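A.B. asks: Handing you this structure, nothing more for now.
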Amino acid sequence: AIQMTQSPSSLSASVGDRVTITCRASQGFRDDLNWFQQKPGKAPKLLIYAASTLQKGVPSRFSGSGSGTDFTLTISSLQPEDFATYYCLQDYTYPYTFGQGTKLEIK
Amino acid sequence: QVQLVDSGGGVVQPGRSRRLSCAASGFTFSSHGMHWVRQAPGKGLEWVAVISYDGSAEYYADSVKGRFTISRDNSKNTLYLQMNSLRPEDTAVYYCAKDRSLKGLGEPDYWGQGTLVTVSS
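This is the structure we're talking about:
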């Protein structure tokens, strides 16, 4: 199975900051990488699919990039509602695998 | 709008079985693959299984292969997860999720609210 390693595991930032979360795959693929946001007690929400395509209704401050083994999620200007846990998911091959998550906290 | 309602969770003894259901509405259920994803208490997300729009293809995580079976009833707009030989490490919130692709298999987009399965004696 492809291993997905996210970094950092946790991150403290302030409203207005620009933050970047990285996901590294144990083997490369083109763009079969997705990003999810999860708030406590809630189901995950799809933010970005195919590495860089914004899901409908997701604010444009979220963006994704990358291919091969290295992918990034960037939030250009953090808003209070963005403090949550973020996960990457590869859907290149079965079994699909998630990264371990990045908890984004308020500084 | 898309709605997915997970049900069937509860406390179950190790070695026993449980069937989860997911009632879908707000989209053409028979045109989309469906996923199960779980989350152990305080832990990250783990993809469990996927079934194609017509039920002709199924794929599983290694941790559940041979014990869990995903299925669907397109006439009832309902997804199922039959869980056999349950272990304490299967304790988790189980989410069903709709696949974003039309008649293909890709990433999950809309998710249910989850149902908690606790495996304990």
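First to last, the sequence lines map onto chains S and L.
When the count follows my numbering, it moves up by one through the first sequence with no breaks and lands on 107 for the last residue.
When the count follows my numbering, it moves up by one through the second sequence with no breaks and lands on 1121 for the last residue.
Cβ atoms here follow ideal geometry from the backbone N, Cα and C, with glycine treated the same way.
Computed from a predicted structure; not experimentally measured.
(1) Measure the Cβ-Cβ separation of Gly1044 of chain L and Gln100 of chain S and say whether it is below 9 Å.
(2) Taking Arg1100 of chain L as the query, report the chain S residues whose CB atoms sit under 8 Å from its CB, ordered along the chain.
(3) Taking the alpha carbon of Ser1101 of chain L as the point to measure from, which residue in S:Ser26, S:Tyr49, S:Phe29, S:Cys23 has its own alpha carbon closest?
(4) Restricting to Cα atoms, I'd like to know which of L:Asp1090, L:Leu1105, L:Asp1054 is closest to Gln1013 of chain L.
(5) For the region 7-18 of chain S and the region 59-78 of chain S, state whether three or more C-beta atom pairs, one from each stretch, are separated by less than 8 Å.
(6) Going straight from the alpha carbon of Thr102 of chain S to that of Thr22 of chain S, what length do you get?
(7) List the residues of chain L whose Cβ lies closer than 8 Å to the Cβ of Pro95 of chain S, in chain order.
(8) Out of curiosity, what's the CA-to-CA distance linking Gly57 of chain S and Gly1015 of chain L?
(9) Taking Cβ-Cβ distances below 7 Å as the criterion, which residues of the region 70-94 of chain S are in contact with chain L?
(10) Counting pairs of Cβ atoms below 8 Å between the region 1002-1013 of chain L and the region 1052-1060 of chain L, do you hit three or more?
(11) Between which two residues does the beta strand (DSSP E) holding Ala1097 of chain L run?
(12) Between Gln3 of chain S and chain L, is any beta-carbon pair separated by less than 9 Å?
(13) Closest to Phe1027 of chain L by CA distance: which of L:Thr1078, L:Arg1019, L:Gln1082, L:Asn1084 is it?
(14) Can you tell me where the beta strand (DSSP E) holding Pro1108 of chain L begins and where it ends?
(15) Could you give the distance in angstroms between the alpha-carbon of Gln1031 of chain L and the alpha-carbon of Asp1073 of chain L?
(16) Pick out whichever of S:Ser63, S:Tyr87, S:Asp31, S:Gln3 has its Cα sitting closest to the Cα of Leu104 of chain S.
(17) Quick one: is Phe112 of chain S near chain L, going by C-beta distance under 9 Å?
(18) When DSSP labels each residue in this structure, what does Phe62 of chain S get in the three-state scheme?
(19) Which value, in whole angstroms, describes the spacing of the CA atoms of Trp35 of chain S and Ser1017 of chain L?
C.D. replies: On the basis of the data shown:
(1) In this structure, Gln100 of chain S lies closer than 9 Å to Gly1044 of chain L by Cβ.
(2) Leu46, Tyr49
(3) S:Tyr49
(4) L:Asp1090
(5) Contact between the region 7-18 of chain S and the region 59-78 of chain S is present, because at least three Cβ pairs lie under 8 Å.
(6) Approximately 9 Å between the Cα atoms of the pair.
(7) Trp1047, Tyr1059, Tyr1060, Ala1061, Asp1062
(8) 43 Å
(9) Tyr87, Leu89, Asp91, Tyr94
(10) no
(11) Its beta strand (DSSP E) spans residues 1092-1099.
(12) no
(13) L:Thr1078
(14) 1108-1111
(15) The sequence shown places Ser at residue 1031 of chain L, rather than the Gln named in the question. Rounded to whole angstroms, Ser1031 of chain L to Asp1073 of chain L spans 12 Å at the Cα level.
(16) S:Tyr87
(17) Residue 112 of chain S lies beyond the residue range present for chain S, which begins at 1 and ends at 107; the question has no answer from this structure.
(18) In the three-state reduction of the DSSP assignment, Phe62 of chain S falls in the strand class, which pools E and B.
(19) 33 Å
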